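The opening residue of the sequence shown carries number 1 in the UniProt record's numbering; numbering runs sequentially from there. Don't be surprised by glycine CBs; every beta carbon is placed ideally from N, CA and C. Owing to the predicted nature of the structure, the values given are computational and were not obtained by experimental measurement.
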Amino acid sequence: MGLKSRNKGKTGEREIALIVSDLTGWTVRRKVRQLDGESDLEGVPGWCIEVKRHATATRGEVSDWWLQATMQATSEKALPVLFYRKDRDEWRAVWALGQQLGVNTAENWLRYEWAIEGSIAAWAAVAREIANLKEAA
Numbered sequence: 001m002g003l004k005s006r007n008k009g010k011t012g013e014r015e016i017a018l019i020v021s022d023l024t025g026w027t028v029r030r031k032v033r034q035l036d037g038e039s040d041l042e043g044v045p046g047w048c049i050e051v052k053r054h055a056t057a058t059r060g061e062v063s064d065w066w067l068q069a070t071m072q073a074t075s076e077k078a079l080p081v082l083f084y085r086k087d088r089d090e091w092r093a094v095w096a097l098g099q100q101l102g103v104n105t106a107e108n109w110l111r112y113e114w115a116i117e118g119s120i121a122a123w124a125a126v127a128r129e130i131a132n133l134k135e136a137a
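Here it is as structure tokens:
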């Protein structure tokens, strides 16, 4: 990966960290030392975050990124979320439908065809609700 691409990725991670912090009130930061298979951000309770900035974002690319996010989340025992943005477009969030329904996010629910894509604000509302339910339990 070239320097320009790495810098684009770092910038995207910082941008998402600020947006998620603003929407949730959580202190979200980019992980400075990321190991393969780890979340790109920290400070989002119960979620493993994958962030992608790319010139394009075809369905095939988003599907591949979602697979990466779910594999990372499984190893971290967290819920997966993918934030992506193609050049000159808005950020989008992808998360598992099972999280909306309150069901176990077993392997079948993590497949891309069972994912929801929406705004970051929509995902943040879901994430806050899940955090509130866990706190109340």
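- Glu-13 and Thr-58 have their C-alpha atoms spaced approximately 20 Å apart.
- Taking Ser-75 as the centre and dropping the five residues before and after it, the same chain places the C-beta of Gly-37 closer than 8 Å to its C-beta, in chain order.
- Rounded to the nearest angstrom, the gap between the Cα atoms of Val-28 and Ile-49 is 11 Å.
- When beta bridges are read from the DSSP output, Lys-134 appears opposite no residue.
- In this chain, Arg-111 is not harboured by any alpha helix (DSSP H), its DSSP state being neither H nor E.
- Runs of the alpha helix (DSSP H) lying entirely within the stretch 19-44 and spanning at least 4 residues: none are present.
- Boundaries of the beta strand (DSSP E) harbouring Glu-117: 115-118, taken from the DSSP string.
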